[in-house]
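In this note's numbering, the protein residues as written are 5 to 150.
A virtual CB, placed ideally from N, CA and C, is assigned to each residue, including glycine.
Please read the structure below before turning to the comments.
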C-alpha cells in the first residue's frame, strides 16, 4: 500500500498527486490575460472620468497580471503624464513601443511628451513615426518637422 501524502480517505499514488498539484502551481505562474484586461478596462474608464490616481492603481494591476500588455503601459503613461510624472510617463511610453514597435498612439504620446519637454528633435521623430504608421490628423504636429 502506498503512503497517503494528503488527508484523503484513500491513498493517492504520487503520479496522481503530481497530476493534480503541478497544473495548479503552473497555472499560478505567467500572465493572467483575463485579470489584466479587466484591470485595464477599469483603468481606462477611470481615466476618462479624470480619476487618474485610481486609474494608475488599475494599470499597475493590469501590468502585474500581464507585463507584456503594451496597452496597459500606454494608458499608464498617459495617466502618469496627467499626474505630472513625466519621467514615469516617458518610461512607460518607451516600454509600450518596445513591446509593440508599430504602436502609433504610443509614438504620438511620446512625441507630445517630448514636445512638452521642449525636445523638438525627438518630438518630431515620434510625430513622424506615428504619421508613417497611419495615425490620422498628425499633420498639425508634423508640418514644422519637415
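Quick one: Cα of residue i to Cα of residue j, how far?
| i | j | result |
| --- | --- | --- |
| residue 120 | residue 35 | 34 angstroms |
| residue 69 | residue 59 | 15 angstroms |
| residue 64 | residue 94 | 16 angstroms |
| residue 135 | residue 102 | 18 angstroms |
| residue 85 | residue 143 | 23 angstroms |
| residue 139 | residue 111 | 10 angstroms |
| residue 127 | residue 137 | 15 angstroms |
| residue 62 | residue 46 | 7 angstroms |
| residue 106 | residue 83 | 21 angstroms |
| residue 147 | residue 56 | 32 angstroms |
Whole-angstrom Cβ separation of residue i and residue j, contact assumed at under 8 angstroms?
| i | j | result |
| --- | --- | --- |
| residue 48 | residue 78 | Contact flag wrong, Cβ pair sits at about 10 angstroms. |
| residue 145 | residue 115 | 7 angstroms |
Considering just the uninterrupted stretch of the alpha helix (DSSP H) at residue i, what are its terminal residues?
| i | result |
| --- | --- |
| residue 80 | 74 to 86 |
| residue 150 | Unbroken run through residue 150: none, as it is neither H nor E. |
| residue 64 | 56 to 69 |
| residue 41 | 37 to 52 |
Do residue i and residue j have their C-beta atoms closer together than 7 angstroms?
| i | j | result |
| --- | --- | --- |
| residue 73 | residue 42 | no |
| residue 44 | residue 81 | no |
Whole alpha helix (DSSP H) elements within the region 77 to 137, 4-residue minimum: 90 to 103, 108 to 120 and 124 to 136
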